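2 protein chains.
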Amino acid sequence: MVIDDKFYMKLAIDEAWKYQLLTYPNPAVGCVVVKNGEILAIEAHKEAGMSHAEVNALKAAYLKKHANDTLKIKKSSREIHEYLLKNHNNFFNDCEIYVTLEPCNHIGKTPSCANLLKELKPKRVIIAHEDTNKQASGGIQTLESVNIDITLDCMKKEAYDLLYPFIKWNSGTFVFYKMAQTLNGSIDGKVSSTMAQLYVHTLRDKIDLMLIGGNTVRTDKPTLDARYIAGRAPNVMIYSKNKIFDNNIPLFKVPNREVIISDDLFKLLDYKFVMVEGIYNLMDALKERIDYIVLLVSPKIRKGVNALNEIDMDFKIVHENYIGEEKILFLKRTK
Amino acid sequence: MVIDDKFYMKLAIDEAWKYQLLTYPNPAVGCVVVKNGEILAIEAHKEAGMSHAEVNALKAAYLKKHANDTLKIKKSSREIHEYLLKNHNNFFNDCEIYVTLEPCNHIGKTPSCANLLKELKPKRVIIAHEDTNKQASGGIQTLESVNIDITLDCMKKEAYDLLYPFIKWNSGTFVFYKMAQTLNGSIDGKVSSTMAQLYVHTLRDKIDLMLIGGNTVRTDKPTLDARYIAGRAPNVMIYSKNKIFDNNIPLFKVPNREVIISDDLFKLLDYKFVMVEGIYNLMDALKERIDYIVLLVSPKIRKGVNALNEIDMDFKIVHENYIGEEKILFLKRTK
């Protein structure tokens, strides 16, 4: 295996994918710090409002060589920024920093990463993809202004796949379909593990809107909240021509939730981050509007209904990972 | 992410999995060389008779720091051994060597890796799993005899999963089922890409026996050779009560091949490395005898037959990877 810039960038990209969709409205970003050839940190941005990937990686890298330093107890992005600016003592001058996205140049919920790097003066910054968000871009120029060596477009295609949900929800609507099945495509009964269900509730807590089919609501009588993680229940749109539903179905009783009943899919365009759950007849209606399928696959073969058997669609697997013992596949529609 | 022994061993294990089953009758083994914290090489054993993982990794590590050295043109294991013994100049003294299996201690088709490491004297050797093959074991003692620091059992469970086919074919029979399907489990028509088909032919070239169902032979009239890689066509057992077949079916015309027609699955025990292909009614008969399913998943949803819908089985995903744009899952039967 060749160990080059791509190898280190791949580590950053894979780390970022662990938090894909969970950083909304921010992009998923990963960062690797290498000092004289030694990997000191592989970190990612985990949630909006929390430290950016670069800050997490710089902190971890510093602590790798100063295990009991006070930096350990600094939690907020601002505290870490300030601490590193004061105490770096040229520690990063022989470091190479791999980051999947151009370091942010604006001061938002957290201070600017480009300004921090400008002061820490690493030997080289390797960037996979430029920032597409005008407000935050300009990081490259900031680094160039102090003559930091910059390498651009390393694994740009893979970084674009990582950035894609962010690009979509920034410019319009990102719609993903959450599916859970066995290896052979069976969807009957309880397919997913508790850990996969926790993940689904974590997603529900992040999204702007959940779309679900009317028949699923009538048959399954779901709650569709995020109780497993004590999270926020998402607003729900029920896709149905028939507007009459039994008000005792639990989803209608969740406090602080809006429920729309409609068969107008254009309403989705009013939201930025939409998750679709439920039975697969919705898939046919939605086909052209779906960006991703997030597919949870339980490693078993089971008798049961495979309701996708009337659909033809092609995908690219943009990433896969494990959630406990199950697979999670991120599928981008290509046809 | 924590960067510790496990991190480096995982790189070695993942590299080894790329050649899983293809090293028969040898085990799949991976090796990582780290010098003063810098990863110099991530290599694996690729095929029986070729260099072991350690030799590939030591060569790559040396060349990483001596790019135009004569070592570059040394291809055979014996040449690399001899060259490194003469020219190492203590290069490896500050190296840590991560290897998924105890270095071999006996001189077979290639010289002993333990003896080579004993002379190169790395700072530390980290071993995931001891060798279960009595003939080759004793490597740890050889390293200890010259006081090389040894760390045992790092990621032993994962290394056991990697070693499992080797353990099975060494002590009896390893049987795996090759399946190809779409995301939703459809098996109709041409499911796999050319690259996946190349992989299947590479597997066919390695196995002792291919098992296939009689109905599949009658319906598909297959050739079942390894022509895509100009490889050896495997011997075939057709599982069928009815012994009468049309002799014009191509598989009967492949030269230098034995074909058995039988409904006695105990015959499988006469072979060490068996691959099952064909329609899934065989799965039910074989259920208890299958060690792995090697599942190729094409990233599309298609209308079509899902013939597994009458079977209940549980698996552990022991590894997954890509073959081109498709997924390959290694599934170990757990129930």
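First to last, the protein sequences are chains A and B. The opening residue of the first sequence carries number 45 in the working numbering; numbering runs sequentially from there. The opening residue of the second sequence carries number 45 in the working numbering; numbering runs sequentially from there. Backbone N, C-alpha and C define an ideal beta-carbon position, used for all residues, glycine too. Source: prediction; values computed, not measured.
Taking the C-alpha atoms as reference points, what is the distance between residue i and residue j?
i	j	result
B/Leu207	B/Ala92	15 Å
B/Glu174	B/Leu164	21 Å
B/Ser181	B/Tyr142	17 Å
A/Lys79	A/Glu87	15 Å
A/Ile337	B/Ile288	47 Å
A/Asp236	A/Leu227	Checking the displayed sequence, the identity of residue 236 of chain A turns out to be Ser instead of Asp. Looking at the two C-alpha atoms, the distance is approximately 12 Å.
A/Arg85	B/Gly258	A small fix is needed here, since residue 85 of chain A is Ala in this sequence, not Arg. Spanning the two alpha carbons is a distance of roughly 56 Å.
A/Val320	A/Trp213	15 Å
A/Asn286	A/Phe310	18 Å
A/Ile57	A/His363	10 Å
B/Tyr221	B/Glu146	29 Å
B/Ala240	B/Leu340	7 Å
B/Ile122	B/Ala97	The question names Ile, but residue 122 of chain B in the sequence shown is Arg. Using only the alpha carbons, I get a separation of about 14 Å.
A/Glu140	A/His132	15 Å
B/Thr67	A/His110	43 Å
A/Ser215	B/Arg333	54 Å
A/Phe412	B/Asp308	Nothing about residue 412 of chain A can be reported from this structure: the residues present for chain A run from 45 to 379 only.
B/Asn134	B/Ser156	19 Å
A/Leu187	A/Asn137	13 Å
Buried or exposed for residue i, please, with buried defined as at least 16 other CB atoms from any protein chain shown within 10 angstroms of its CB.
i	result
B/Val190	exposed
B/Phe238	The sequence shown places Thr at residue 238 of chain B, rather than the Phe named in the question. So B/Thr238 ends up on the exposed side.
B/Ile171	buried
B/Leu312	buried
B/Asp328	exposed
B/Ala105	buried
A/Tyr366	exposed
A/Ala158	buried
B/Val46	exposed
A/Ala274	exposed
B/Asn70	buried
A/Lys153	exposed
A/Asn100	buried
A/Asn291	exposed
B/Pro299	exposed
A/Lys201	exposed
Taking CB distances under 9 Å as the criterion, tell me whether residue i reaches chain B.
i	result
A/Tyr366	yes
A/Lys234	no
A/Lys359	The displayed chain sequence assigns Phe, not Lys, to residue 359 of chain A. Closer than 9 Å to some Cβ of chain B, the Cβ of A/Phe359 qualifies, so yes.
A/Leu339	yes
A/Lys344	yes
A/Gly322	no
A/Gly81	yes
A/Ala240	no
A/Asp335	no
A/Met45	yes
A/Glu98	no
A/Ile170	no
Could you give the DSSP three-state label for residue i: helix, strand or coil?
i	result
B/Asp175	coil
A/Gln225	strand
B/Arg301	coil
B/Lys311	helix
A/Asp358	strand
A/Ser230	coil
B/Ala203	helix
B/Asn279	strand
A/Met319	strand
B/Asn80	coil
B/Asp193	strand
B/Ser215	helix
Does any residue of chain A bring its CB to less than 9 Å from the CB of residue i?
i	result
B/Gln64	no
B/Pro294	no
B/Phe14	Outside the displayed span of chain B (45 to 379) sits residue 14 of chain B, for which this structure offers no information.
B/Asn228	yes
B/Met199	no
B/Met281	no
B/Ala277	no
B/Asp205	no
B/Asp356	yes
B/Ile141	no
B/Lys347	yes
B/Leu39	The requested residue 39 of chain B does not occur in the structure, where chain B is confined to residues 45 to 379.
Taking 8 Å as the cut-off, is the CB of residue i close to at least one heavy atom of the ligand SAH?
i	result
B/Ala85	Of ligands this structure carries none, so the ligand SAH is not represented either.
Ordered list of alpha helix (DSSP H) runs contained in the region 116–190 of chain A, each at least 4 residues: 121–131, 157–164 and 183–188
What runs of the beta strand (DSSP E), each 3 residues or longer, lie entirely inside the region 235–275 of chain A? 253–257
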